[in-house]
Amino acid sequence: MPVPHAVTPLRRNRDFMVLWTGHAISALGSSIAMIAYPLLALLATGSARTAGLIAFVGMAAGAVLRLPAGVFVDRLPRRALLVTCDAIRAVTTASVALAVVTGRLSMAHLVVAAVVNAACDAFFDPAQMVTVRQVVPTAQLPNAMAQNEARGHLAALGGPPLGGLLFGVAAALPIAAQAASFVTSGLLIGSIRQKLHGGQGQRANLRPLRHDLLTGIRVVWANTFLRVTLLSAAGYSFIFPAVVLVVIASTRARGAPAAEIGAALSLAGVGGILGAWLSPQLQRRLPPPVLVYLFCTTTTLALGALTFAYSPFLIGALLALTYFTSAPANGMLAAVQISITQPELQGRVLSAAMLVAGLAAPLGPLAGGWLLQDFGVRATFVVLTCMSAALTAVVLLSSAIRHMRPPSAIDRESHAEGR
140 MPVPHAVTPL
150 RRNRDFMVLW
160 TGHAISALGS
170 SIAMIAYPLL
180 ALLATGSART
190 AGLIAFVGMA
200 AGAVLRLPAG
210 VFVDRLPRRA
220 LLVTCDAIRA
230 VTTASVALAV
240 VTGRLSMAHL
250 VVAAVVNAAC
260 DAFFDPAQMV
270 TVRQVVPTAQ
280 LPNAMAQNEA
290 RGHLAALGGP
300 PLGGLLFGVA
310 AALPIAAQAA
320 SFVTSGLLIG
330 SIRQKLHGGQ
340 GQRANLRPLR
350 HDLLTGIRVV
360 WANTFLRVTL
370 LSAAGYSFIF
380 PAVVLVVIAS
390 TRARGAPAAE
400 IGAALSLAGV
410 GGILGAWLSP
420 QLQRRLPPPV
430 LVYLFCTTTT
440 LALGALTFAY
450 SPFLIGALLA
460 LTYFTSAPAN
470 GMLAAVQISI
480 TQPELQGRVL
490 SAAMLVAGLA
500 APLGPLAGGW
510 LLQDFGVRAT
520 FVVLTCMSAA
530 LTAVVLLSSA
540 IRHMRPPSAI
550 DRESHAEGR
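Each number in the working numbering corresponds to the 1-based position in the sequence shown with 139 added.
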């Protein structure tokens, strides 16, 4: 979108606020239900192994569908795609809640629900990010992307405690709340006034799906900036889940109460929310490369400090520091990534990036648990610190990051070239 002379603040941008609020409500609903699904799986099957298998099947389905989802995001009208995903997820989760109430919940039902919801997520997530590009002026994209990150932190803060409270009242309530959140999200997104078109138009629909399936991967790998940021994102998607697992397990082993562990993780989430809140000021005052360097450096230093940290409060403060610097940096990186990608390719490129990061994330807790059990807390944090230091070195040495420009500058150049 061209940059207008007088930019309306994001909070007064109706379409952005409707989109943000709708997704925030559905994210909160999913966070509320997150604690309920494993418990329901245990009730339905009596097996922790089966409960883990159900979660794995859902994650695998989402990963498999990432690339084809990107193709459809670029081809289909995005409002219809987003609302359809919300409608399907609402029906699916409502069926689970109804099965719980009637006492007919089965493993097969949970597997189907996990696959359907993960499939819808594979379509919804990139479509929602690309839609932000259509309803927000270029100059505000970094801030808008940072607000998206704040939404996740808010959901993570409030969802699990509320989910546990609702589950204690009735096992079906968290799932019913999730279904209601999808209905609300769909209604809000459906009210967006601006036309939300796919980037390719009708001609793309005539091409075979296989023609476009690997386009996102090829575009990412051919562009130095996208390649470096994707590999770095995959690395940190591995590190952070490992850190959370190690923090929980190690502090619990040292005798810290569960409430203190929860407070430490909540403090980390508050850091992310503050970072998103201050993102506009930080993104205006600091050049884009500096934002990225700041995040990588503070993460490496914080991980090194965690090697010697024992107080849950100190651990939470160190994690809060990394989350604080990640919000403006991730917002800027996501905005630049979208700005340098041709509109007709954005769905596929975003899906490719989400696929790679999504494949790395489950490996983090697996490796973190193995390192913690066999080598101890300090050795585990040393390994994770070294990984972060290596990623920081890659970023610092990358000319693509060093010469990164804000989206507004990229947009001005594109218009000057007549693109």
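Where a beta carbon is used, it is the ideal one built from N, C-alpha and C, also for glycine. From a predicted model like this one, the values you see are computed outputs, not experimental measurements.
Distance, residue j Cα to residue i Cα
i	j	result
Gln341	Trp360	With a pLDDT of 48 at Gln341, under the threshold of 50, the modelled position of this residue cannot be trusted; read the value that follows with caution. Those two C-alpha atoms are separated by around 27 Å.
Arg205	Thr436	31 Å
Phe463	Gly374	18 Å
Val358	Ala539	15 Å
Leu421	Thr184	50 Å
Ala415	Asn469	10 Å
Ser465	Pro427	12 Å
Phe195	Arg188	10 Å
Asp351	Arg214	10 Å
Val255	Ala238	16 Å
Ile412	His292	6 Å
Gly242	Asp154	41 Å
Pro467	Phe306	35 Å
Ala226	Val250	19 Å
Close beta carbons around residue i, own chain, < 6 Å, minus the five adjacent residues each side
i	result
Gly298	Leu167, Ser170, Ile171
Ala257	Gly197, Ala200, Gly201
Ala190	Pro177, Ala180, Leu181
Arg541	Pro428
Thr232	Ile314, Gln317, Ala318
Same chain only: Cβ atoms within 7 Å of residue i, ignoring 5 sequence neighbours per side
i	result
Ala202	Leu494, Gly497, Leu498
His162	Gln267, Arg290, Ser324
Val522	Leu510
Own chain, CB closer than 8 Å to residue i, minus 5 neighbours either side, in chain order
i	result
Pro546	Thr277, Ala278, Leu280, Pro281, Ala474, Val475, Ile477, Ser478
Host alpha helix (DSSP H) of residue i (start-end)
i	result
Thr438	427–445
Leu311	According to the sequence shown, residue 311 is Ala rather than Leu. Unbroken run through Ala311: none, as it is neither H nor E.
Pro216	Counting along the chain, Pro216 falls outside any alpha helix (DSSP H), and DSSP gives it neither H nor E.
Pro177	175–184
Gly503	502–514
Gly455	451–479
Leu494	485–499
Ala539	538–541
Gly355	354–361
Cβ pair residue i, residue j closer than 8 Å
i	j	result
Gly159	Gln317	A small correction: the amino acid at residue 159 is Trp; Gly does not occupy that position in the sequence shown. No; because the gap between Cβ atoms is not below 8 Å, this pair is not in contact.
Leu404	Gly486	no
Ala253	Ile193	yes
Gly325	Ala229	yes
Ser527	Thr439	yes
Gly508	Leu384	yes
Thr446	Thr524	yes
Val275	Leu489	no
Gly410	Ala459	yes
Residue i at chain B interface by Cβ criterion, 8 Å
i	result
Val240	In the displayed structure, chain B is absent; only one protein chain is listed.
Any non-hydrogen atom of the ligand SAH within 7 Å of residue i CB
i	result
Ala395	As far as ligands go, the structure on display features none, and thus does not contain the ligand SAH.
Could you tell me which whole alpha helix (DSSP H) segments of length 4 or greater appear in the segment 363–438? At a cut-off of 4 residues, the continuous stretches assigned as alpha helix (DSSP H) that sit fully inside the segment 363–438 are 363–392, 397–416, 418–424.
Curious, which full-length alpha helix (DSSP H) runs of at least 4 residues does the segment 258–325 contain? 280–308
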